[in-house]
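K.L.:
One structure, as structure tokens, below. Some questions next.
There are 2 protein chains.
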Amino acid sequence: MQKFDIHILGCGAALPTPRRLSSSQVVNIREKLFMLDCAEGTQMALRRSHISFSHLQAIFLTHLHGDHTFGLIGMLSTFGLLGRTQDLHIYGPHDLQRIFQPQIDYFCADSPYKIILHEINTNTPQTIYEDRSVIISTLPLAHRVPCCGYLFREKPTPRHIRRDMIDFYHIPISQINNIKAGIDWTLPDGTLIPNERLTTPADPVRSYAYCTDTTYQPQLADLIRGITCLYHEATFAQEHALLAKQTFHSTAAQAAQIARDAQAGRLILGHFSSRYQTEDILLQEAQQIFPNTFLVEDGLKISL
Amino acid sequence: MQKFDIHILGCGAALPTPRRLSSSQVVNIREKLFMLDCAEGTQMALRRSHISFSHLQAIFLTHLHGDHTFGLIGMLSTFGLLGRTQDLHIYGPHDLQRIFQPQIDYFCADSPYKIILHEINTNTPQTIYEDRSVIISTLPLAHRVPCCGYLFREKPTPRHIRRDMIDFYHIPISQINNIKAGIDWTLPDGTLIPNERLTTPADPVRSYAYCTDTTYQPQLADLIRGITCLYHEATFAQEHALLAKQTFHSTAAQAAQIARDAQAGRLILGHFSSRYQTEDILLQEAQQIFPNTFLVEDGLKISL
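Protein chains in written order, with our numbering: chain A, 29 to 332; chain B, 29 to 332.
Written out as structure tokens, the structure is:
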């Protein structure tokens, strides 16, 4: 299977601590890297994780609160000092340019690479990136400011050729792509060889959704149905459900409801309020609704 | 002796690493805290050092390069989340308001305390803070952008009363302040008791100068003559003297020349280029000129 890894660089809520940064992740799809949010300290966490700075294709910001963006300008500046020349695209909601372009102009004036800011309409899902292996699109979320999640979906890959059967039936090279695509083969005597005998199934299509920060959005489940892995914010435990609602955050139980309704493969929780000494209560409350739930930690790598 | 401590939060040059942040320090004078520069990660380093956020009086920025300022907005935001209500004064060169006011307005809009920015003319030394125990003034430096160092000088304290002698000569309470100020005492029979018999010497006046980033500025020695402790940038070793000049930085040897010419008590070196695996060469080159030289490290506390 090709690489599809999630690196958790930071999973705390608003207040970073020496133990836990605020939000930042890197998704590695076949050695192309995509960053999700960029809290203060992200560049140091990148180094700690031995992730190659130079393979970063794009940065996706969910919203313009400081605990998701304060590491951006420092990291961009460092990329320049390290001699990056490849363009870097940054996506984020309304105000991205107004807030960050002046900082980039001032602090990265001598940088040897181009930084291109893209403002997203967060009200409707849209595709913002596509290459031969992945499609990345936005997921509308509801927070105190414009906010969206991001959905990574692999493109389907062809079935795997069974070399032995191709040789056995003397199928010419010119037909291999058709066979990979699932087409049957007819022998000179008219016998039909079903594709299943010539190939093994394609790798399953994997997907990842990053949903933070948001109040409980039941309709989100429809947009991520069948997701392989869902990261959903779980700022609060059930006892603070009212506070979650007031601050446009979610409880762990609400995150689990989304995962259950979306028939997700796995739920990973983050964006923990620093008020909890341990997040066990969040895990318990979520697992009662969706058993295949895990808590993330800074430095964790998850392979899909 | 009253407290006069320097906490080194970060002492690296432009590129922060997990091992070493860029520039940031806290000076603790009698439990009043003053921050010098604020690199990315400073708020996490503050927590690591168990320094009380709430006792911070003011922040002094030497210049507006990212490795001295990228931690500012995150820290200010955190102070707000932690409920700070006391005004916070921030001093820095020209452009401080243009660059940081929009960020403060956007990210700290709900903060329950006031942030007041003060732009400094870095071309001439000036007093920017004074209370009953300390005077803080600026030191012109020469870098690629407007830049100044900061000089902390304790105010002289009175001599210490010898309680036993005061009792012995029956000196009334009303005269104590005069005695502390160094005035002699005359007995009813006209005998003069010299002040030295009634008091012990005042604590020595301590001082600290923070000089970074700068090219070699020989005239700096005059402004800090007799300094108790000098922090001077030592970005480069002698082999990179030309690079130091070109980038408006100093070598360790140049820092030592300033310390020697200023008759400093102690020299501490920081702002090390990340090109050096070890800074031993910097220490050696400085000690040849000024033996009482030390290298700082993140997390170090120096008591004057």
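All residues carry an ideal CB built from backbone N, CA and C; glycine is no exception.
Helix, strand or coil: how does DSSP classify glycine 111 of chain A here?
P.N.:
For this step, residue 111 of chain A is matched to residue 83 along the first sequence. Looking at glycine 111 of chain A - three-state DSSP - the assignment turns out to be coil, as it is neither helix nor strand.
K.L.:
Which one or two residues does DSSP pair with proline 121 of chain A in a beta bridge?
P.N.:
Within the first sequence, numbered from 1, the residue matching residue 121 of chain A stands at position 93. Bridge partners of proline 121 of chain A: A:Ile148.
K.L.:
Ends of the beta strand (DSSP E) at lysine 208 of chain B?
P.N.:
Taking the second sequence and counting its residues from 1, one reaches residue 208 of chain B at position 180. First-last for lysine 208 of chain B: 204-208, but that is the alpha helix (DSSP H), not the beta strand (DSSP E).
K.L.:
Check this for me: beta carbons of tyrosine 236 of chain A and tryptophan 213 of chain A, under 8 Å apart or not?
P.N.:
Within the first sequence, the letter at position 208 stands for residue 236 of chain A. Within the first sequence, the letter at position 185 stands for residue 213 of chain A. Taking 8 Å as the Cβ cut-off, tyrosine 236 of chain A and tryptophan 213 of chain A do not qualify as a contacting pair.
K.L.:
For chain B, check one thing: does any of its Cβ atoms lie closer than 8 Å to the Cβ of glutamine 71 of chain A?
P.N.:
By 1-based counting over the first sequence, the position of residue 71 of chain A is 43. Yes, contact with chain B.
K.L.:
If we ignore side chains and look at the alpha-carbon of each, how far apart do alanine 269 of chain A and histidine 299 of chain A end up?
P.N.:
In the first sequence, residue 269 of chain A corresponds to position 241, counting from 1. In the first sequence, residue 299 of chain A corresponds to position 271, counting from 1. Those two C-alpha atoms are separated by around 15 Å.
K.L.:
Please give me, in chain order, every unbroken run of the alpha helix (DSSP H) with length at least 4 that falls completely inside the segment 30-100 of chain A.
P.N.:
Segments of the alpha helix (DSSP H) lying fully in the segment 30-100 of chain A: 70-76, 94-97.
K.L.:
Taking only beta-carbon positions, decide if phenylalanine 180 of chain A is within less than 8 Å of chain B.
P.N.:
Locating residue 180 of chain A in the first sequence gives position 152, counting from the first residue. With 8 Å as the cut-off, phenylalanine 180 of chain A does not count as an interface residue toward chain B.
K.L.:
Under 9 Å Cβ-Cβ, which residues of chain A neighbour glycine 293 of chain B?
P.N.:
Translated into positions along the second sequence, residue 293 of chain B becomes position 265. Per Cβ cutoff of 9 Å: no residues; glycine 293 of chain B is ~33 Å from chain A at best.
K.L.:
Look at the alpha carbon of glutamate 261 of chain A and the alpha carbon of methionine 63 of chain B, and state the distance between them as a whole number of angstroms.
P.N.:
In the first sequence, the residue the question calls residue 261 of chain A occupies position 233. In the second sequence, the residue the question calls residue 63 of chain B occupies position 35. Straight-line Cα distance between these residues: approximately 34 Å.
K.L.:
Secondary structure at glycine 12 of chain A, three-state DSSP: helix, strand or coil?
P.N.:
Absent from the structure is residue 12 of chain A, since the part of chain A shown begins at 29 and ends at 332.
K.L.:
Can you tell me whether alanine 237 of chain A is helix, strand or coil according to DSSP?
P.N.:
Residue mapping note: residue 237 of chain A aligns to position 209 of the first sequence, counting from 1. Note: alanine 237 of chain A maps to strand in three-state DSSP.
K.L.:
Name the DSSP beta bridge partners of cysteine 176 of chain A, please?
P.N.:
Against the first sequence, residue 176 of chain A aligns to sequence position 148. Bridge partners of cysteine 176 of chain A: A:Pro168.
K.L.:
For the 8 Å Cβ check, are there 3 or more pairs between the segment 316-330 of chain B and the segment 36-43 of chain B?
P.N.:
Because the criterion of three Cβ pairs below 8 Å is met, the segment 316-330 of chain B and the segment 36-43 of chain B touch.
K.L.:
Distance check for cysteine 257 of chain B and valine 162 of chain B, CA to CA, integer angstroms please.
P.N.:
On the second sequence, residue 162 of chain B is found 134 positions in, with the first residue counted as 1. On the second sequence, residue 257 of chain B is found 229 positions in, with the first residue counted as 1. Distance between the alpha carbons of valine 162 of chain B and cysteine 257 of chain B is about 15 Å.
K.L.:
Using a C-beta to C-beta distance shorter than 7 Å, which residues of chain B count as neighbours of glycine 102 of chain A?
P.N.:
Taking the first residue of the first sequence as position 1, residue 102 of chain A is located at position 74. Ordered by position in chain B, the residues that pass the 7 Å Cβ test against glycine 102 of chain A are Glu68, Gly94, Phe98.
K.L.:
Please state if the CB of serine 77 of chain A and the CB of aspartate 65 of chain A are separated by a distance shorter than 8 Å.
P.N.:
On the first sequence, position 37 is the one that residue 65 of chain A refers to. On the first sequence, position 49 is the one that residue 77 of chain A refers to. Cβ distance not < 8 Å, so aspartate 65 of chain A and serine 77 of chain A don't count as in contact.
K.L.:
Over what stretch of residues does the beta strand (DSSP E) that includes phenylalanine 300 of chain A continue unbroken?
P.N.:
Numbered from 1 along the first sequence, position 272 holds the residue referred to as residue 300 of chain A. Neither: phenylalanine 300 of chain A is in no beta strand (DSSP E) and is coded neither H nor E.
K.L.:
Compare the beta carbon distance of glycine 177 of chain A and isoleucine 148 of chain A with 8 Å and say whether it is the shorter of the two.
P.N.:
To locate residue 177 of chain A, count along the first sequence from 1; it is residue 149. To locate residue 148 of chain A, count along the first sequence from 1; it is residue 120. No, they are not a contact pair.
K.L.:
Along the segment 115-133 of chain A, where does the CB come closer than 9 Å to a CB of chain B? Name the residues.
P.N.:
Flagged, chain order: Asp123, Arg126, Ile127, Pro130, Gln131.
K.L.:
Name the residue from B:Tyr141, B:Pro186, B:Leu89 whose alpha carbon lies nearest to the alpha carbon of valine 233 of chain B.
P.N.:
Locating residue 233 of chain B in the second sequence gives position 205, counting from the first residue. Minimum Cα distance to valine 233 of chain B is reached at B:Pro186.
K.L.:
Counting only Cβ pairs nearer than 8 Å, list the residues of chain B close to leucine 43 of chain A.
P.N.:
The count along the first sequence starts at 1 and reaches residue 43 of chain A at position 15. Chain B residues near leucine 43 of chain A: Thr106, Leu109, Leu110.
K.L.:
Using the three-state DSSP reduction, which class does phenylalanine 196 of chain B fall into: helix, strand or coil?
P.N.:
Residue mapping note: residue 196 of chain B aligns to position 168 of the second sequence, counting from 1. Helix, per DSSP.
K.L.:
Only counting runs of 3 or more residues, tell me where the beta strand (DSSP E) segments fall wholly within the segment 242-278 of chain B, in order along the chain.
P.N.:
Runs found: 257-261.
K.L.:
Would you verify that the beta carbon of proline 140 of chain A is, or is not, closer than 8 Å to some beta carbon of chain B?
P.N.:
By 1-based counting over the first sequence, the position of residue 140 of chain A is 112. By this cut-off, proline 140 of chain A is not an interface position.
K.L.:
Would you say arginine 303 of chain B lies against chain A (beta-carbon separation less than 8 Å)?
P.N.:
What you label residue 303 of chain B is simply residue 275 of the second sequence in a count that begins at 1. Chain A, which has no Cβ nearer than 8 Å to the Cβ of arginine 303 of chain B, makes this no.
K.L.:
Candidates A:Leu89, A:Ser82, A:Ile127: which alpha carbon is nearest phenylalanine 107 of chain A's?
P.N.:
As a working note, residue 107 of chain A is residue 79 in the first sequence. With distances taken between Cα atoms, phenylalanine 107 of chain A lies closest to A:Ser82.
K.L.:
Work out the CA separation of isoleucine 330 of chain B and arginine 126 of chain B for me, nearest whole Å.
P.N.:
Numbered from its first residue, the second sequence carries residue 126 of chain B at position 98. Numbered from its first residue, the second sequence carries residue 330 of chain B at position 302. The alpha-carbon atoms of arginine 126 of chain B and isoleucine 330 of chain B are separated by roughly 35 Å.
K.L.:
In this structure, how does DSSP classify isoleucine 317 of chain A when only helix, strand and coil are distinguished?
P.N.:
For the purposes of this step, residue 317 of chain A is taken as the residue at position 289 of the first sequence. Residue state, collapsed to three classes: coil.
K.L.:
Which of the three DSSP states is assigned to arginine 288 of chain A in this structure?
P.N.:
On the first sequence, position 260 is the one that residue 288 of chain A refers to. Note: arginine 288 of chain A maps to helix in three-state DSSP.
K.L.:
Kindly say whether proline 174 of chain A, judged by its beta-carbon, lies nearer than 8 Å to any beta-carbon of chain B.
P.N.:
Position 146 of the first sequence, counted from the first residue, corresponds to residue 174 of chain A. No, proline 174 of chain A lies away from the interface with chain B (no Cβ there is under 8 Å from its Cβ).
K.L.:
Looking at the secondary structure, which residues open and close the alpha helix (DSSP H) in which glutamate 158 of chain A lies?
P.N.:
Here residue 158 of chain A refers to the residue found at position 130 of the first sequence. Unbroken run through glutamate 158 of chain A is the beta strand (DSSP E), 155-158; no alpha helix (DSSP H).
K.L.:
Between phenylalanine 135 of chain A and lysine 208 of chain B, what straight-line distance do the alpha-carbon atoms span, to the nearest angstrom?
P.N.:
Stepping through the first sequence from its first residue, residue 135 of chain A is reached at position 107. Stepping through the second sequence from its first residue, residue 208 of chain B is reached at position 180. Roughly 53 Å between the two C-alpha positions.
K.L.:
Would the beta-carbon of threonine 240 of chain A fall within 8 Å of that of threonine 90 of chain A?
P.N.:
For the purposes of this step, residue 240 of chain A is identified with residue 212 of the first sequence, where counting begins at 1. For the purposes of this step, residue 90 of chain A is identified with residue 62 of the first sequence, where counting begins at 1. Taking 8 Å as the Cβ cut-off, threonine 240 of chain A and threonine 90 of chain A qualify as a contacting pair.
K.L.:
Look at the Cβ atom of leucine 169 of chain B, then the Cβ atom of methionine 193 of chain B, and state whether they are nearer than 8 Å.
P.N.:
The count along the second sequence starts at 1 and reaches residue 169 of chain B at position 141. The count along the second sequence starts at 1 and reaches residue 193 of chain B at position 165. For leucine 169 of chain B and methionine 193 of chain B, no; Cβs fall outside 8 Å.
K.L.:
What three-state label does DSSP hand leucine 215 of chain A in the structure shown?
P.N.:
Counting from 1 along the first sequence, the entry for residue 215 of chain A is found at position 187. Leucine 215 of chain A falls in the coil class under three-state DSSP.
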